[in-house]
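As you go down the protein sequences, you meet chains A and B in turn.
Quick note on the working numbering: the first sequence kicks off at 1 and runs consecutively.
Quick note on the working numbering: the second sequence kicks off at 338 and runs consecutively.
We put the beta carbon where it would ideally sit given N, CA and C, even for glycine.
Below: one structure, written as structure tokens.
There are 2 protein chains.
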Amino acid sequence: MKVTIKDVAEKAGVNPSTVSRVINEDPKLSIREETRQRIMDVIRELDYRPNGIARSLRLKSTRTLGMIIPDITNPFFPEVIKGAEGAAAERGFSLILCNTDEEEEKEKAYLELLVEKKVDGFLVATASSYDRTVEFLSEKDYPFVLVNRRSRDATGRYVVVDDVEGARMVVEHLVELGHRRIAHIAGLLFAETGLNRLEGYRAALNNRQVDFDPAYMTEGGFREIDGYRAAQRLLDLPRRPTAIFAANDLVALGALTAAAERGLRVPEDISIVGYNDIPIAEKVTPPLTTIRVPLYDMGYLAGEILTKIILGEEVPEDRVILKPELVVRWSSGQVPG
Amino acid sequence: MKVTIKDVAEKAGVNPSTVSRVINEDPKLSIREETRQRIMDVIRELDYRPNGIARSLRLKSTRTLGMIIPDITNPFFPEVIKGAEGAAAERGFSLILCNTDEEEEKEKAYLELLVEKKVDGFLVATASSYDRTVEFLSEKDYPFVLVNRRSRDATGRYVVVDDVEGARMVVEHLVELGHRRIAHIAGLLFAETGLNRLEGYRAALNNRQVDFDPAYMTEGGFREIDGYRAAQRLLDLPRRPTAIFAANDLVALGALTAAAERGLRVPEDISIVGYNDIPIAEKVTPPLTTIRVPLYDMGYLAGEILTKIILGEEVPEDRVILKPELVVRWSSGQVPG
DNA sequence: TTTGATTGCACAATCGTTTTTATATATAAT
DNA sequence: ATTATATATAAAAACGATTGTGCAATCAAA
């Protein structure tokens, strides 16, 4: 017994088109105040709500954004999502969220789904899948913006944080504390973020005239276990590093565990720093020195840019590089001895 | 230049209806294999994808579920969401997620939105809003299932965990360790979970012949700051409790901070236990003794029930009460002295 | 009183599907 | 050869909105 615009029209004794114009406040509609009231009353009386599907079909616009993220349980993303949602909501858009679990296949499937569902634009926060997604979207000319990553050729729109700058900051902080033997547990080096942090690490060493020692550089991954394993190797080196810069906080946590297993105190015996400032970073013992990235802002800006594009508004900046911030806590200290 | 079913039909030299039937594998369609192939070829050639909106309009079904949650940054929810998404995906449904930030107004707005978007059913994981949501949904006869809560009158479908049992378990665990002065930082008492945990707490005391002391019972909330404030009051009591049962892990974290500020060691000076076993619980120092609830399962079951209802399948159990599990870590210890 | 403009609303086409009903051809049965 | 039955496809009517255009009625100006 769904009530349609026709029912309203009938009961109000007008034509459906008139009801539609009243609802949408068509500026070029001239209508008697009395009729308008009558229509509004009937709408309330019947508790009429327009059918968004029919509306979308006619308007060729769903006022919906599709957002693709790798893993909703990674504490990095919820804040980003909130930001995107906030920006979307401000312009009357809603968000449909797709979790790929880092599986390329799922990503592809979701992409198809979103296309079928006719979302007006895409927010892409996954980085793993060899740019197939980006390729697909540009090819079809669907509006999209990349979140926390760029495309391989750096075309298109994106909102990222300046990872080389962040890495540089935290590593220079270590140098200032007197460290010279600073190791780096790199993330995946085919991910842009991994590469950039490595670059920032090398830049910092270079800036401060500290020699780069390949033995102190180890490729890991972005998970806790990756940090644990890599730290084990590092800590068993004959000339042990006095500080470790981990690719992210999770990796730093793994390193913390490895250090604890060897009876090393942090930061007295060794400093360990992370990246991202996920909520857990300040909870752990010792609280992690890390780099805070503006997660909410990143999501918000991406959402803002995308909705503006869709609405045909001017977008002055569609390639945004956000500045990270150094957060000094307890896990970084003077060089021992 | 979107390609429609009409374009395909034209190019294949058939009627759109035939194309439609081929796509949907209409069983009562008899078609020459040759024609069918021709159509399929054209579909591939034009890279035709059906318009889901038009399809939904016609079919009166969007194959979409709306899920309302209070706070996506609360680590409790992502896992639940994943479960729901998994169940939905298995039956070809997708999920649109709505974050209310615990604001009743936002919840109402999202509800309207989801109705306009014609989702086929609702997953409701918010508890705060005086049942207006549930009322609305039942009144309009929209299919829905409650997640981690029940309606006031316990009608309708739901998937919850046995919170009184969980609370009982963890409190009895404390009693077994010798504690008698066990405080409880309750959650919001107009939320069912808050109420139930309080009930479990009292049941445990009662079972073990420990007197209930109103001074040890304090209403807080579900956030970390609530736990911090409540713990401050509790710890400044003349006869300090030897153990605190917090409404959830976040609250326990706040309590941990308050204890640390007073120089109290956990668990040597005071035991603190949480609820939910969110990922951070095992990372914090000391790792929290807590109650593990099957988050993924909760979401999955809710999603399964809802989609089955929608598809008209039999649902043997639409009121599920899941069993929690005690996880003993380091934050609970022998009573001091 | 006629003309012209403006107001107030209705008509009908359209969006891209699905689905019921109808029609035309081929095959089989009589 | 004729009728009955299957087979293969087409035509047309929804689904529930929006919107350009058109037609009266009202009002102002001449």
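If I measure Cβ to Cβ from residue i and keep anything under 6 Å in the same chain, skipping five residues before and after, which residues do I get?
i	result
residue 231 of chain A	255 and 258
residue 614 of chain B	627, 629 and 664
residue 590 of chain B	561
residue 264 of chain A	270
residue 39 of chain A	12, 19 and 22
residue 565 of chain B	591, 594 and 595
Can you grab the Cα-Cα spacing for the pair residue i / residue j, in whole Å?
i	j	result
residue 433 of chain B	residue 447 of chain B	10 Å
residue 499 of chain B	residue 570 of chain B	29 Å
residue 156 of chain A	residue 86 of chain A	23 Å
residue 198 of chain A	residue 355 of chain B	57 Å
residue 402 of chain B	residue 106 of chain A	18 Å
residue 317 of chain A	residue 339 of chain B	29 Å
residue 33 of chain A	residue 4 of chain A	23 Å
residue 715 of chain B	residue 280 of chain A	With chain B represented from 338 up to 674, any question about residue 715 of chain B goes unanswered, as that position is not in the structure.
residue 76 of chain A	residue 22 of chain A	44 Å
residue 523 of chain B	residue 558 of chain B	7 Å
residue 297 of chain A	residue 374 of chain B	50 Å
residue 418 of chain B	residue 644 of chain B	15 Å
residue 621 of chain B	residue 205 of chain A	33 Å
residue 516 of chain B	residue 552 of chain B	16 Å
residue 311 of chain A	residue 78 of chain A	26 Å
residue 365 of chain B	residue 357 of chain B	13 Å
residue 667 of chain B	residue 261 of chain A	17 Å
residue 189 of chain A	residue 153 of chain A	16 Å
residue 486 of chain B	residue 497 of chain B	6 Å
residue 35 of chain A	residue 454 of chain B	28 Å
residue 213 of chain A	residue 449 of chain B	60 Å
residue 636 of chain B	residue 555 of chain B	30 Å
residue 380 of chain A	residue 237 of chain A	No answer is possible for residue 380 of chain A: the residues shown for chain A start at 1 and end at 337.
Since I believe residue j is in contact with residue i (beta carbons under 8 Å), could you give me their beta-carbon distance rounded to a whole number of angstroms?
i	j	result
residue 457 of chain B	residue 399 of chain B	6 Å
residue 126 of chain A	residue 69 of chain A	7 Å
residue 144 of chain A	residue 122 of chain A	4 Å
residue 395 of chain B	residue 115 of chain A	Wrong, their Cβ atoms sit about 19 Å apart, outside the cutoff.
residue 501 of chain B	residue 533 of chain B	5 Å
residue 169 of chain A	residue 324 of chain A	7 Å
residue 418 of chain A	residue 151 of chain A	Because chain A is modelled from 1 through 337, residue 418 of chain A falls outside the range shown and cannot be assessed.
Leaving out five residues before and five after residue i in sequence, what residues of the same chain have Cβ atoms less than 8 Å from its Cβ?
i	result
residue 673 of chain B	579, 605, 606 and 607
residue 46 of chain A	3, 7, 8 and 11
residue 15 of chain A	9
residue 577 of chain B	518, 571 and 607
residue 368 of chain B	355, 358 and 359
residue 56 of chain A	62, 63 and 118
List, in order along the chain, the chain A residues whose C-beta lies closer than 9 Å to that of residue i?
i	result
residue 453 of chain B	49, 50, 51, 52, 53 and 55
residue 433 of chain B	64, 94, 95, 96 and 97
Whose C-beta lies closer than 7 Å to the C-beta of residue i among residues of the same chain, with five residues either side of it excluded?
i	result
residue 538 of chain B	504, 508, 521 and 582
residue 670 of chain B	514, 604, 605 and 608
residue 247 of chain A	185, 186, 187, 194, 197, 220, 222 and 275
residue 88 of chain A	65, 94, 95, 303 and 307
residue 43 of chain A	8
residue 226 of chain A	220, 251 and 254
residue 652 of chain B	642, 645 and 646
Under 7 Å Cβ-Cβ, which residues of chain B neighbour residue i?
i	result
residue 82 of chain A	409, 410 and 436
residue 267 of chain A	Near residue 267 of chain A there are no residues of chain B at all, since even the closest Cβ is about 15 Å away, more than 7 Å.
residue 113 of chain A	431
Can you name the residues of chain B whose CB is closer than 9 Å to the CB of residue i?
i	result
residue 350 of chain A	What the structure shows of chain A is the stretch from 1 to 337, and residue 350 of chain A is not part of that stretch, so it cannot be assessed.
residue 85 of chain A	409, 434, 435 and 436
In chain B, what lies closer than 8 Å to residue i by C-beta?
i	result
residue 253 of chain A	620
Taking C-beta pairs closer than 7 Å, name the residues in chain A that residue i reaches, listed in chain order.
i	result
residue 480 of chain B	None at all; the shortest Cβ gap to chain A is about 15 Å.
residue 416 of chain B	73
Run the proximity test for residue i: is its beta-carbon closer than 6 Å to any non-hydrogen atom belonging to the ligand FAD?
i	result
residue 672 of chain B	With respect to the ligand FAD, the structure shown offers nothing to examine, as it has no ligands at all.
Segments of 4+ residues assigned as alpha helix (DSSP H) that fall wholly inside the segment 357-422 of chain B: Within the segment 357-422 of chain B, the complete alpha helix (DSSP H) runs of at least 4 residues are 370-383 and 389-396.
What are the uninterrupted segments assigned as beta strand (DSSP E) that are 3 or more residues long and contained completely in the segment 195-227 of chain A, given in chain order? 217-219
For a minimum of 4 consecutive residues, which ranges assigned as the alpha helix (DSSP H) are wholly contained in the segment 97-146 of chain A? 104-116 and 132-140
At what residue ranges does the segment 297-325 of chain A contain a whole run of the beta strand (DSSP E), taking only runs of 3 or more? List check, beta strand (DSSP E) in window: 319-322.
Within the segment 254-300 of chain A, note down every full beta strand (DSSP E) run reaching 3 residues or more, in order along the chain. With a minimum length of 3 residues, the unbroken runs of beta strand (DSSP E) contained wholly in the segment 254-300 of chain A fall at 271-273 and 290-292.
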